[in-house]
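Here the protein sequences come in this chain order: A and B. Numbering (my numbering) for the first sequence: 88 to 424. Numbering (my numbering) for the second sequence: 1464 to 1996. The C-beta atom is built at its ideal place from N, Cα and C for all residues, glycine as well. Before any comments, here is the structure.
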Amino acid sequence: MTDVQWESLSNWAVAACGIVYFLALLVHLAEWASLRKVPVAAGAASVASVDIPGGVAVATGPGGEDDGQVRRTEFLGRLGYLLTGLAVGIHLVGLVGRGMAADPDRVPWGNMYEFTLTGTFVVAALYVGLYHRLRLAWMAPIVVAFVLSVLMVAVIWLYSPVAPLTEALSSYWLVIHVVSAIIATGAFTLGGITSALYLVKERAPARESGYVARLPKLEVLDRVSYRLHAFGFPVWTFAVLITGPIWAHQAWSSYWNWDPKEVWAFITWVVYAAYLHARTTAGWKGRNAAILALVGVATLWFNFIGINYFSTTSQHSYAGAPAFETPDVDSGVLTVE
Amino acid sequence: MSTPTPTRTSLSTRPADDDRRPGELTFRELLRWIWRQLTSMRTALILLLLLALAAVPGSIIPQEGVDSLKTSNWQADHPKLTPVYDRLGLFSVYDSPWFSAIYLLLMVSLVGCILPRTWHYWRGMWAKPPAAPRNLTRLPDHASYVAAGEPDAVLERAQAALRKRRYRLSVDGDAVSAERGYLREAGNLVFHLAVVVVLVGFAMGGLLGYKGGVILLVGDQYGFSNTPDQYDDFDPGSLFDADRMEPFTFSIDDFSWDVYPTGPRAGMSRGFESRLRYQESIGGEEKSYELKVNHPLSIGSTEVFLIGHGFAPVITIRDGKGEVVYSGPTIFLPTDQTMQSIGVVKAPDAKPTQIGLEGEFYPTVAFSKQTGSYFSVLSKPADPLVSMLVYTGDLGMDDGAPQSVYALDKTKTTMLTKKNGAPYRIDLRPGEKVALPGGIGTVSFDRLEEWNKIQISQTPGKFLALGGVVLALIGLLGSLFIRPRRVWVRARREGDGTLVEVAALDRSGGGDVAVVVDELVKALQQQPEEKKQ
């Protein structure tokens, strides 16, 4: 296949996966709408058990009509999950196509569009991968809606044609650095969603109907959130404090430059360190830790997208920065002899 | 605060039943109170958040150490804010006293926290698992069942099962106590210790190291030897010692690169490669190295990086008397990806008047009718041209004040103009020569040379910092994923059978111990049947 074909395959796949995510979202919304007719009460008790984190609470009361309803919601839930899985597969095709379209072939994260494409892919793939392990069914509509909207932002505002990487970016450290940064971003994003739901649930713990009532118990939300962060934090440490400096040292001769992107990655690291710390500090558990997790995810996404527009000095800026640093005009201040 | 009882000499910190009001502290008590506060978890947490907050201004306000040009431009644009910001250290946040204060306090807090914890941990290492609570069923995660065998047999099975799961055991009457996950705290301590190591490494780099840049012309007639005065910009740490610089020398024999011919980045350069000839010490063996982007040369503890390139037209100026007053490659700084560059030439010794030239260099020139000016179509020098304006008068180089070699002080000069008042511009291709009006001299563009921007740095402690981060990561993994657990199994005779109670406690707060209890109960119940089969 030619590069042009790869590029159009990628564009086609991204559009297709958007449609499938949308279908998945519709199915999950139908699932939750149909769940409204099923009483929470009986199921809530089983969800409340610490043994079953997650899992959509479903009443197992008598009555044929309810039974049919329950089967239908279960079917919709499975269908939504399958559609999400399918969308993730097509999403991957889009990513690979993007990488193959460049000459020479490369990893698909040379600009903001590709970063966002990869970031959303990792969020969705982590969700699909951890769905059974952490029983994330309750998260489905939110994750799918998040991925779909960010993907739309990427396609509408961030799209840029395939281009080769600038010289300083073509290093295998880039691959390791960015892969780990994006994986951590995915985990932190899922953790942030869980923490946000924790805060919502905390405001109305006694509600008996609606989405919030079917969320797992606060302890479970807190634990799922902790596990996601506990996974993300070492990966982020590896990305930001090990591979990042090694790459920076090779490309710019100094392993830490206080460049805005580095500063914000450091801020994110500190906030998540504080989150983990808060969970072991009396008086900071639960609510305050959840707020810290949200602050963390805000700094993370600000760094991922925002800083590129705020700062032009960043050496991480991909908005058409010269391949090769141009020397400062005043770097040659010399005294007249 | 003052101590109200100066006469007291007792070392006891016990509150005396004297005239002190409640809440009053002696000096020692005050110190101890401060130390307690500083090393508390809550203070560490607040300091962490403060550190994150304090790092923010440095990413918004231009920093002297990161981009000095942008900083001076910003300062020129904000004359009122600049003195205030300067006072607050906002132009070099990461060296400022308040930023340092936060991380030093954090360090003290950290050390104050880990020292007692290490001691505590050390003693705990050798302790037996705590005895089983009297009532196991009161623990949140527990199970009980009635078994057929004797209590002793059940306890033996429990010991075997727990030993297989790598628990530390102690038997105490009718109960087995087990504990595992001691390494979690070790991981935690290693992580905190490693943070200190990283900071030491980082500080070493900042204090003892240096970073400098030099623009070096391509060609073996030009060379560089590693002494501070050879650098164009030199940024040493505050404890830097020039004696520690490696005595190497190098020159660039050849520099090659090419250009994307097509595609969205057509015209953009790639594949930069400089052939370096170097000697590690004066009179040492001559070696050669292919210097590329992302591929630095290490000489001892110093590293040499290729970070930029550009053109240097060789320009000669003769003055009105025919004397050569300027001749040589002139470094032009690129302003965009097409390598359109700007530069100046200064001839302060020219007679009858000093001559200054300022203008652009185009590697492959084209003319735009739309804008009425030249532009560069390609970064490769296919059709190079320099186009410059001419200034006469006083270039301001006699008063001894430092002046940039890339800028012309035009305050006391006049620009040459044509008769119709338009600026007089000289356009030269290689080999061309032009006579300036009024007989003040001639300018020629003899040939084109190239230059490389080389960055050289020595960063002591970088492997210490790297090792520290790796150690921190290992410690972190231990502290996050090792689950400290206590498990108790109690068996006692009740009626015909044996009542077995199992309970577990997760000490990290993140684990799911109900699963552990279930799994252990299942194992205990299965074993005897397996033996029968």
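Through-space distance from residue j to residue i, alpha-carbon basis
{"i": "Glu349 (chain A)", "j": "Asn1883 (chain B)", "result": "54 Å"}
{"i": "Ala1864 (chain B)", "j": "Asp1890 (chain B)", "result": "31 Å"}
{"i": "Tyr1741 (chain B)", "j": "Leu1646 (chain B)", "result": "50 Å"}
{"i": "Phe1654 (chain B)", "j": "Trp1498 (chain B)", "result": "22 Å"}
{"i": "Val1556 (chain B)", "j": "Trp343 (chain A)", "result": "15 Å"}
{"i": "Arg1946 (chain B)", "j": "Leu1652 (chain B)", "result": "15 Å"}
{"i": "Ala188 (chain A)", "j": "Thr89 (chain A)", "result": "8 Å"}
{"i": "Lys1809 (chain B)", "j": "Gly1686 (chain B)", "result": "23 Å"}
{"i": "Asp1721 (chain B)", "j": "Lys1925 (chain B)", "result": "34 Å"}
{"i": "Val1978 (chain B)", "j": "Ala1967 (chain B)", "result": "10 Å"}
{"i": "Asp417 (chain A)", "j": "Phe1795 (chain B)", "result": "Confidence at Asp417 (chain A) is low in this model, with a pLDDT of 27, below 50, so the placement of that residue should be treated as unreliable; the coordinate-derived value is given next. Going by the C-alpha atoms only, they are around 13 Å apart."}
{"i": "Trp1561 (chain B)", "j": "Gly1763 (chain B)", "result": "36 Å"}
{"i": "Gln92 (chain A)", "j": "Leu245 (chain A)", "result": "21 Å"}
{"i": "Tyr1854 (chain B)", "j": "Ser1867 (chain B)", "result": "17 Å"}
{"i": "Lys304 (chain A)", "j": "Ala380 (chain A)", "result": "18 Å"}
{"i": "Tyr1566 (chain B)", "j": "Gly1575 (chain B)", "result": "14 Å"}
{"i": "Pro1797 (chain B)", "j": "Asn1915 (chain B)", "result": "12 Å"}
{"i": "Leu1934 (chain B)", "j": "Gly1746 (chain B)", "result": "41 Å"}
{"i": "Val237 (chain A)", "j": "Arg1491 (chain B)", "result": "58 Å"}
{"i": "Ala274 (chain A)", "j": "Phe1944 (chain B)", "result": "16 Å"}
{"i": "Tyr1548 (chain B)", "j": "Ala100 (chain A)", "result": "51 Å"}
{"i": "Ser121 (chain A)", "j": "Arg159 (chain A)", "result": "8 Å"}
{"i": "Pro292 (chain A)", "j": "Val266 (chain A)", "result": "38 Å"}
{"i": "Gly297 (chain A)", "j": "Glu118 (chain A)", "result": "12 Å"}
{"i": "Ala1870 (chain B)", "j": "Ile1805 (chain B)", "result": "10 Å"}
Beta carbon proximity, residue i to chain B, threshold 9 Å
{"i": "Ser95 (chain A)", "result": "no"}
{"i": "Leu277 (chain A)", "result": "no"}
{"i": "Phe325 (chain A)", "result": "yes"}
{"i": "Asn344 (chain A)", "result": "yes"}
{"i": "Ala361 (chain A)", "result": "yes"}
{"i": "Trp196 (chain A)", "result": "no"}
{"i": "Leu110 (chain A)", "result": "no"}
{"i": "Trp388 (chain A)", "result": "no"}
{"i": "Gln92 (chain A)", "result": "no"}
{"i": "Gly370 (chain A)", "result": "yes"}
{"i": "Ser267 (chain A)", "result": "no"}
{"i": "Thr89 (chain A)", "result": "no"}
{"i": "Ala102 (chain A)", "result": "no"}
{"i": "Phe353 (chain A)", "result": "yes"}
CB contact check: residue i to chain A, cutoff 9 Å
{"i": "Thr1545 (chain B)", "result": "no"}
{"i": "Phe1665 (chain B)", "result": "yes"}
{"i": "Tyr1557 (chain B)", "result": "yes"}
{"i": "Phe1768 (chain B)", "result": "yes"}
{"i": "Leu1522 (chain B)", "result": "For the record, residue 1522 (chain B) in the displayed sequence is Ser; it is not Leu. Closer than 9 Å to some Cβ of chain A, the Cβ of Ser1522 (chain B) qualifies, so yes."}
{"i": "Gly1791 (chain B)", "result": "no"}
{"i": "Asp1975 (chain B)", "result": "yes"}
{"i": "Lys1875 (chain B)", "result": "no"}
{"i": "Phe1460 (chain B)", "result": "Nothing about residue 1460 (chain B) can be read from this structure; chain B reaches only from 1464 to 1996."}
{"i": "Val1529 (chain B)", "result": "yes"}
{"i": "Leu1511 (chain B)", "result": "yes"}
{"i": "Met1708 (chain B)", "result": "no"}
{"i": "Met2013 (chain B)", "result": "With chain B running from 1464 to 1996 in the structure shown, residue 2013 (chain B) is simply not present."}
{"i": "Met1504 (chain B)", "result": "yes"}
{"i": "Val1661 (chain B)", "result": "yes"}
{"i": "Gln1989 (chain B)", "result": "no"}
{"i": "Leu1656 (chain B)", "result": "no"}
Handout entry: Every unbroken alpha helix (DSSP H) inside the segment 305 to 329 of chain A [4 residues or more]
Key = Fully enclosed alpha helix (DSSP H) runs of 4 or longer: 305 to 324.
Practice task
Scan the segment 1751 to 1763 of chain B for residues whose Cβ lies nearer than 8 Å to a Cβ of chain A and list them as they occur along the chain.
Solution key: Listed by position, the residues of the segment 1751 to 1763 of chain B near chain A (Cβ gap below 8 Å) are Val1756, Asn1757, His1758 and Pro1759.
Exercise for the section: Taking only runs that begin and end inside the segment 1883 to 1965 of chain B, name each unbroken beta strand (DSSP E) of 3 or more residues, in chain order. Expected result: Given a length threshold of 3 residues, each whole run of the beta strand (DSSP E) inside the segment 1883 to 1965 of chain B is given here in chain order: 1888 to 1891, 1895 to 1898, 1904 to 1921 and 1948 to 1957.
Handout entry: Three-pair Cβ contact test at 8 Å for the segment 1498 to 1516 of chain B versus the segment 347 to 361 of chain A
Key = Output reads yes: the segment 347 to 361 of chain A touches the segment 1498 to 1516 of chain B.
Exercise for the section: Give the residues from the segment 1914 to 1926 of chain B that approach chain A closer than 8 Å (Cβ to any Cβ), ordered along the chain. Expected result: Cβ contacts with chain A come from Lys1916, Gln1918, Ile1919, Ser1920, Thr1922 and Lys1925.
Exercise for the section: Scan the segment 1625 to 1713 of chain B and note each continuous alpha helix (DSSP H) run of 4 residues or more that stays entirely inside, going in chain order. Expected result: Fully enclosed alpha helix (DSSP H) runs of 4 or longer: 1646 to 1671.
Handout entry: Touch test, the segment 1767 to 1779 of chain B against the segment 1828 to 1836 of chain B, Cβ-Cβ under 8 Å, three pairs minimum
Key = For the pair of segments examined, the segment 1767 to 1779 of chain B was found not to touch the segment 1828 to 1836 of chain B: the number of CB pairs separated by less than 8 Å stays below three.
Problem - Within 7 Å of chain B by C-beta, residues of the segment 293 to 308 of chain A in sequence order - result: Residues are counted here when their Cβ sits less than 7 Å from a Cβ of chain B; for the segment 293 to 308 of chain A the count is zero.
Practice task
Can you check the segment 1489 to 1573 of chain B for any beta strand (DSSP E) of at least 3 residues that lies completely inside it and give the ranges in chain order?
Solution key: Those beta strand (DSSP E) runs which fall completely within the segment 1489 to 1573 of chain B and span 3+ residues do not exist here.
Handout entry: the segment 1608 to 1617 of chain B in contact with the segment 1902 to 1921 of chain B per 3-pair CB rule at 8 Å
Key = Taking 8 Å as the limit for Cβ pairs, the verdict is that the segment 1902 to 1921 of chain B does not touch the segment 1608 to 1617 of chain B.
Exercise for the section: Please confirm if the segment 1668 to 1675 of chain B is in contact with the segment 1951 to 1969 of chain B, defined as three or more CB-CB distances below 8 Å between the two stretches. Expected result: These segments do not touch.
Practice task
Give a yes or no on contact between the segment 1516 to 1534 of chain B and the segment 1498 to 1508 of chain B, applying the rule of three or more CB pairs nearer than 8 Å.
Solution key: No, the segment 1516 to 1534 of chain B does not touch the segment 1498 to 1508 of chain B.
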